[in-house]
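Take a look at the structure set out below.
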Amino acid sequence: MDEDTDKALATHEQELRRGTVVFAGLVACRRPQYGYSLLTTLTEAGIPTEANTLYPLLRRLEKQGLLTAEWNTEQARPRKYYTVTESGAEVAAALHAHWLELNSSITTLWKDGTP
Amino acid sequence: MSALTDIYVDNVTRHLPEDTRPDIAAEITATIDDMVDDRLGEDANPSPDRSAAVEREVLEELGDPVVLSREYSNTPQHLIGPNSYPLFIWALRWALPIVGFIALIASFITTFATAPQTQLGAAIGPAVGNTVNALLTTFAVITIIIGLGDRQKDGGTTATLRGRKTRTWSIDDLDRRDYRSKQIRAEAALGLVFIAALATVPFIPTTLLYVGHLNRGGTFINPDLGLGWLIGYWAFLALMAAVEIIKFTTASAKPTVAIIGGIIDVAMAIFLTIALLTQPVLHPELTSTANADIQQIITAIAIWIITVWDQASTWRIYRRNRR
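Protein sequences, first through last, are from chains A and B.
Residue 316 is where the first sequence starts when you use the working numbering, and the numbers rise one by one after that.
Residue 6 is where the second sequence starts when you use the working numbering, and the numbers rise one by one after that.
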């Protein structure tokens, strides 16, 4: 791949990843997660995300009522734990269904287009 | 928390609403501490140099605090958004030429009417200055109004003005009216209003523009001007009005109509130029100065600027409607 193709690929990969971070975040927050634990969970799951993208995103999801947040001050270091709400779980389930449909569609499309 | 982290967090939160600052500051601080601890690993007593290097690395990974702050704020970072931009450009295209032209002519007329000894060169400076001021003010007013509208409504000012509702668009919402016909009719109607206004010019008193003291409330036009010139003037306006009525009733911009309209406009400009250069057309008390001839010449130049401008816009509209 030449330099221009590499740049185009990087842009499209970023766009693809941006859409999946919300979905992945909601799925991962089915059990309480604080910011850094979510970051490492996603990285270990093969969805590396930048901290400066994830934290503002968590706040937006909280504002949308898809996540609930609570400070835990019992530990040595106070941490804000995020957990998926009922509506967040519904959104995550719907996104999961879409994801599976998309995966199936793309696989079919790929097979049909392969000479 | 080190002083460096403290400064970094302060840099992020200083751009955010005050009520959200403590919460976001605590969360970012906890994250930085977690990231630093994770990188230091099992080393319970790292050297100050290593701690400082890791902290620096973590902060650099989090990136520019202004960018991080922008991510948190989640508010528009532009003045005129894409939804309001078409309206913004449309407003500028219409308002700036009109305001600029009016400011230029008004400045010249006011200068010569209030200071009769002024030379043409000395009038150019204030005229340019006043015009630039008027253009900048117009630009600022349009930008502020549309910018504020953009912040009030999700869909931008354009959507607000169109009264668009936040519901799904259906094919029934399609504007089926013939846009070009409608536009030709609107322009023709505007032209008729303008012609009617021009027809009243010989009767307009100076008091209407607050300069009645110059000729005791007389008209702008010389009352002793021969009736023939006035009849000629109104006859040309009648021809121009006929062209606009044809455009309005047929709702089409045929080239023959456009060419006839152009010929009448140019003939009218020649007629007015001859009138201005052969006799005092403006009221003698407005022009009874050493600069009377210059005032008449400026008026003639203004007439030709309007004529050329009109021809250019007619040709542009014709080409647009032909597509």
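Note that beta-carbon positions come from the ideal geometry of N, C-alpha and C, so glycine has one too.
Keep in mind that this is a model prediction, so the values were computed, not measured.
- The count of Cβ pairs closer than 8 Å, one atom from the region 357-370 of chain A and one from the region 43-56 of chain B, stays below three, leaving the stretches out of contact.
- By the beta-carbon neighbour count (other beta carbons within 10 angstroms, threshold 16), residue 363 of chain A is exposed.
- Close to chain A, meaning a Cβ-Cβ distance shorter than 8 Å, are the following residues of the region 66-90 of chain B: 66, 67, 68, 72, 73, 76, 77, 79.
- In the DSSP assignment, residue 399 of chain A forms a beta bridge with A/382.
- Within the model, the alpha-carbon separation for residue 308 of chain B versus residue 112 of chain B is close to 16 Å.
- For residue 134 of chain B, the uninterrupted alpha helix (DSSP H) run begins and ends at 125-157, by DSSP.
- Under the 8 Å Cβ criterion, the region 398-408 of chain A counts as touching the region 380-389 of chain A, having at least three qualifying pairs.
- In this chain, the alpha helix (DSSP H) harbouring residue 272 of chain B covers 260-283.
- Separation of residue 245 of chain B and residue 239 of chain B (C-alpha to C-alpha, rounded to the nearest whole angstrom) is 10 Å.
- Residue 108 of chain B places its beta carbon less than 7 Å from that of residue 135 of chain B.
- Note on geometry: alpha-carbon atoms of residue 19 of chain B and residue 78 of chain B lie some 11 Å from one another.
- With a threshold of 16 other beta carbon atoms within 10 Å, residue 342 of chain A meets it and is buried.
- Here the alpha carbon of residue 358 of chain A sits roughly 32 Å from the alpha carbon of residue 429 of chain A.
- Any Cβ of chain B closer than 7 Å to the Cβ of residue 387 of chain A would place that residue at the interface, and such an atom is absent.
- Across the set B/291, B/249, B/58, the C-alpha of B/291 shows the shortest separation from the C-alpha of residue 225 of chain B.
- Its chain contains 249, 252, 253 as the residues whose beta carbon lies nearer than 7 Å to that of residue 193 of chain B, once the 5 sequence neighbours on both sides are disregarded; these appear in chain order.
- Taken through DSSP and simplified to helix, strand or coil, residue 16 of chain B comes out as helix.
- In the structure shown, the three-state DSSP call for residue 226 of chain B is strand.
- With respect to the 7 Å criterion, residue 73 of chain B and residue 13 of chain B are not classified as neighbours on the basis of their beta carbons.
- Using a Cβ distance threshold of 7 Å, residue 141 of chain B and residue 299 of chain B do not count as a contacting pair.
- Along the region 33-44 of chain B, the positions whose C-beta sits under 8 Å from a C-beta of chain A are 33, 35, 36, 38, 39, 40, 43, read in chain order.
- In the structure shown, residue 287 of chain B adopts extended strand secondary structure according to DSSP, grouped into three states.
- Assigned with DSSP and collapsed to three states, residue 346 of chain A falls in coil, not helix or strand.
- Residue 222 of chain B and residue 243 of chain B have their C-alpha atoms some 28 Å from each other.
- With fewer than 16 other CB atoms across the displayed protein chains lying within 10 angstroms of its CB, residue 157 of chain B is exposed.
- Beyond the five residues adjoining it in sequence on each side, residue 410 of chain A comes within less than 6 Å, by CB distance, of 338 in the same chain, given in chain order.
- For residue 249 of chain B, the enclosing alpha helix (DSSP H) starts and ends at 232-255.
- Residue-level contact by beta carbon holds for residue 394 of chain A and chain B, with a gap shorter than 7 Å.
- Between residue 152 of chain B and residue 101 of chain B a beta carbon distance of about 17 Å is seen, past the 8 Å cut, so the two are scored as non-contacting.
- In this structure, residue 305 of chain B lies away from residue 287 of chain B, with their beta-carbon atoms at least 7 Å apart.
- The three-state secondary structure of residue 87 of chain B, taken from DSSP, is coil.
- Boundaries of the alpha helix (DSSP H) harbouring residue 56 of chain B: 53-67, taken from the DSSP string.
- Under the Cβ criterion (8 Å, minimum of three pairs), the region 268-280 of chain B does not count as touching the region 194-210 of chain B.
- Close to residue 31 of chain B, with beta-carbon spacing below 8 Å, are these residues of chain A in chain order: 386, 393, 395.
- In this structure, DSSP gives residue 394 of chain A an extended state, which the three-state scheme calls strand.
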